[in-house]
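*Asks:*
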Amino acid sequence: MSNRFDGKVVLITGAGSGLGQASALQVAKEGAKLSLVDLNAASLEETKSKVLEVAPNAEMLLITANVADEQAVENYVNETVEKFGKIDGFFNNAGIEGKQNLTEDFGIEEFQKVVSVNLNGVFYGMKHVLKVMREQGSGSIVNTASVGGIRGVGNQSGYAASKHGVVGLTRNSGIEYGQYGISIKAIAPGAIMTPMVEGSLKQIDPDNWEEVGKQFVQPNPMKRFGKPEEVGYLVAFLLSDQANFINATVIPIDGGQSYKY
Amino acid sequence: MGKLQDKVAVITGGASGIGAATARLFVSEGAKVVLVDLNEEKGKAFEAELKAVNAEALFIKANITSEEEVANIFKQTVETFGKVDVVFNNAGIGRVHPSHELEYSEWRNTVNVDLDGVFLVARESIREMLKTGGGTIVNTASMYGWVGSPGSAAYNAAKGGVVNLTRSLALEYAEQNIRINALCPGFIDTPIIPEESKQALAEVTPMKRLGKAEEMAKAVLFMASDDSSFMTGNSLIVDGGYTAQ
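First to last, the protein sequences are chains A and B.
For reference, each letter of the first sequence is one residue, going 5 to 265 in this note's numbering.
For reference, each letter of the second sequence is one residue, going 5 to 249 in this note's numbering.
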């Protein structure tokens, strides 16, 4: 079971950091060919060099793209298929957090910006990848939702709305595409120490963000942050053939947080 | 290195179906397995089958509704293998019966096995794991712990109980390094489903097929192994999308 991804092609958005990068490393270790997408070209190079450390022979395609732009999404899907001929697994993961504010002060532009990446971007990705997978008659999609997609978090109108939307899309489209041998699932990460969460803590207190982090995870049943690689293990399991019958469902990975409230 | 290398795994309802498929997968991942079942003939035959391929296996006949017999499972396991790392708390029963005709004794029996029995096995598991510094438990709930269905009130009530038992125990022991999750199977191709119903149940499942016992085993392995180290309290629904409809 060590090489679940031999001969498989995995496409990952938001691959330059955090959960995307950790998942890329995990599936590459197990033999996957990778198509890595991020807005930040330098971050993709960083992921590439980390992948080569754990999987020296990994084949990789790096694509700089904004997932909120449908044409760019169509392009990254086409480029992946041109290079590798298929897409077995799609980690539809790129997302942003947005500024924190009360709902009345959140701002229309900020709301639209967050939704355009986190929800529209996920929808565009599914739209174009599902065409490919339907033709293949197989495939697995993992969308990144959040505990903020199944619970209220506060001060995050755009994030909450978009991540709840990702859960809805996952259920809707999983029902549609199960009959074609395609499964679609969402993960709901809780407090995982990614660069995005670090940024979020720095919004609260730029000077003492590590202390803020410690306080932040006190209510968590495991009393710690999850590590990106712990999410990587879950994503690898869900993208592999081991999880074909898991479909149209959302899977929390949060140290038990969402079962407490 | 298997994902459960040198781990000791207790599997209740381990002689057939999802339990047996899980035992096979656990063994292939390096675990020593304790098979618990009421069916001695099947259990012993399966123990022999696993030993024949050089797996370490032990069959224990036990009724999980008996406190003494459950305690004995863990006593024997520790005597034989020294510890308990993983428990697949899987034994259960179910029968379709219109609720207005359901005898109270049948209700009691179903809830006794499917909920009380799961609690008793979980309690003994936790007692052992507290001694060794941690472990993982996977309870078998059901998608009928999430949605209703006619004629199955006792089973569904018990399985709903298992879902929230899982959450509650997970929160209680998270700091002690004991992770507790549940498997919620949909319609699975096991002998429990009558041959004549299989086509119809596949049709109402969005994936247009039944799940396989081996697929349930893979989900159990994920939750039982270190691959799920930040997951606890979760009820993983493996139903091809049935409950999302």
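Here a beta-carbon is modelled for each residue, glycine too, at the ideal position from N, C-alpha and C.
1) What residues from chain A crowd round B/Ala-35, counting only those whose CB sits closer than 8 Å?
2) Give me the Cβ distance between A/Val-126 and A/Ala-192, rounded to the nearest whole Å; I'm assuming they're in contact under 8 Å.
3) Please check if any C-beta of chain B sits within less than 8 Å of the C-beta of A/Met-5.
4) Just to confirm, is the Cβ distance from B/Val-37 to B/Ala-61 under 8 Å?
5) Looking at the structure shown, is A/Phe-94 part of a helix, part of a strand, or coil, going by DSSP?
6) If the criterion is Cβ atoms closer than 8 Å, does the pair A/Leu-65 and A/Glu-83 meet it?
7) Counting pairs of beta carbons, one from the stretch 39-56 of chain A and one from the stretch 5-19 of chain A, are three or more of them closer than 8 Å?
8) Measure how close the beta-carbons of A/Pro-232 and A/Leu-23 come, nearest whole angstrom, since I'm counting them as under 8 Å.
9) Since B/Ile-77 contacts B/Val-40 with CB under 8 Å, what's their CB separation in whole angstroms?
10) Would you list the one or two residues that DSSP bridges to B/Leu-119?
11) Between the stretch 178-186 of chain A and the stretch 214-223 of chain A, are three or more C-beta pairs nearer than 8 Å?
12) Quick check: is the beta carbon of B/Ser-233 nearer than 8 Å to any beta carbon in chain A?
13) Between A/Tyr-263, A/Asp-209 and A/Ala-252, which lies nearest to A/Met-226 when the distance is taken from Cα to Cα?
14) Measuring alpha carbon to alpha carbon, tell me which of B/Asp-120, B/Val-142, B/Ala-75 and B/Glu-45 ends up nearest B/Arg-131.
15) For B/Phe-226 and B/Pro-189, what's the separation of their Cα atoms in angstroms?
16) With a threshold of 7 Å on Cβ separation, who are the neighbours of A/Phe-115 within its own chain once the five nearest residues in sequence on each side are excluded?
17) What in chain B is Cβ-close to A/Phe-9, meaning under 9 Å?
18) Could you tell me if A/Arg-8 is buried or exposed, where buried requires 16 or more neighbouring beta carbons within 10 angstroms of its beta carbon?
19) Using only CA atoms, which one of B/Lys-79, B/Thr-209 and B/Gly-6 lies nearest to B/Val-14?
20) Using a Cβ cut-off of 8 Å (strictly closer), state whether B/Gln-9 contacts chain A.
21) Considering just the uninterrupted stretch of the alpha helix (DSSP H) at A/Pro-232, what are its terminal residues?
22) Which whole runs of the beta strand (DSSP E) in the stretch 76-140 of chain A are 3 residues long or more, in chain order?
23) Tell me, please, whether the CB atom of B/Thr-194 is closer than 8 Å to any CB atom in chain A?
24) Name the chain A residues that come within less than 7 Å of B/Arg-171, Cβ to Cβ?
25) Locate the beta strand (DSSP E) running through B/Ala-186, then write down its first and last residues.
26) Per DSSP, what kind of secondary structure is B/Phe-92 in: helix, strand or coil?
27) Does the stretch 202-209 of chain B come within contact of the stretch 233-244 of chain A, defined as at least 3 CB pairs closer than 8 Å?
28) According to DSSP, is A/Ser-142 helix, strand or coil?
29) Who does A/Ile-67 pair with in a DSSP beta bridge?
30) Could you give the C-beta distance for B/Val-122 and B/Val-166, rounded to a whole number, given that I count them as a contact under 8 Å?
31) Using a C-beta cutoff of 8 Å, does B/Gln-80 count as contacting chain A?
32) DSSP three-state call for B/Ala-61: helix, strand or coil?
33) To the nearest angstrom, report how far apart B/Glu-105 and B/Leu-124 are at their CA atoms.
34) Whole angstroms is fine: what's the gap from A/Gln-104's alpha carbon to A/Gly-11's?
35) With 8 Å as the threshold, decide whether the Cβ of A/Thr-17 is near any Cβ in chain B.
36) For A/Met-226, which residues in chain B fall below 8 Å Cβ to Cβ?
*Replies:* Once the coordinates are examined:
1) Near B/Ala-35 there are no residues of chain A at all, since even the closest Cβ is about 13 Å away, more than 8 Å.
2) Their Cβ separation, rounded to whole angstroms, is 14 Å, which puts A/Val-126 and A/Ala-192 out of contact at 8 Å.
3) Only weak support is given to the placement of A/Met-5: the predicted model assigns it a pLDDT of 46, under 50, and the value that follows is read from those uncertain coordinates. Cβ-Cβ to chain B under 8 Å: yes for A/Met-5.
4) yes
5) strand
6) yes
7) yes
8) Going by Cβ atoms, the distance from A/Pro-232 to A/Leu-23 rounds to 6 Å, so yes, they are a contact pair.
9) 6 Å
10) Answer by DSSP bridge pairing: none, since B/Leu-119 is not bridged.
11) no
12) Taking 8 Å as the CB threshold, B/Ser-233 lines the interface with chain A.
13) Nearest to A/Met-226 by alpha-carbon distance, out of A/Tyr-263, A/Asp-209 and A/Ala-252, is A/Tyr-263.
14) Of the candidates B/Asp-120, B/Val-142, B/Ala-75 and B/Glu-45, the one whose C-alpha sits nearest the C-alpha of B/Arg-131 is B/Ala-75.
15) 15 Å
16) Ser-161 and Gly-162
17) Here the premise fails: no neighbours, minimum Cβ distance about 14 Å.
18) By the neighbour-count rule (16 or more Cβ atoms within 10 Å), A/Arg-8 is buried.
19) Nearest option by C-alpha distance: B/Lys-79.
20) no
21) First-last of the alpha helix (DSSP H) with A/Pro-232: 232-243.
22) 93-96
23) no
24) Tyr-263
25) 182-189
26) strand
27) no
28) coil
29) For A/Ile-67, the pairing in a beta bridge is given by DSSP as A/Val-41.
30) 5 Å
31) Chain A contact via Cβ: absent.
32) strand
33) 29 Å
34) 43 Å
35) no
36) Ala-178, Glu-179, Phe-234 and Thr-236
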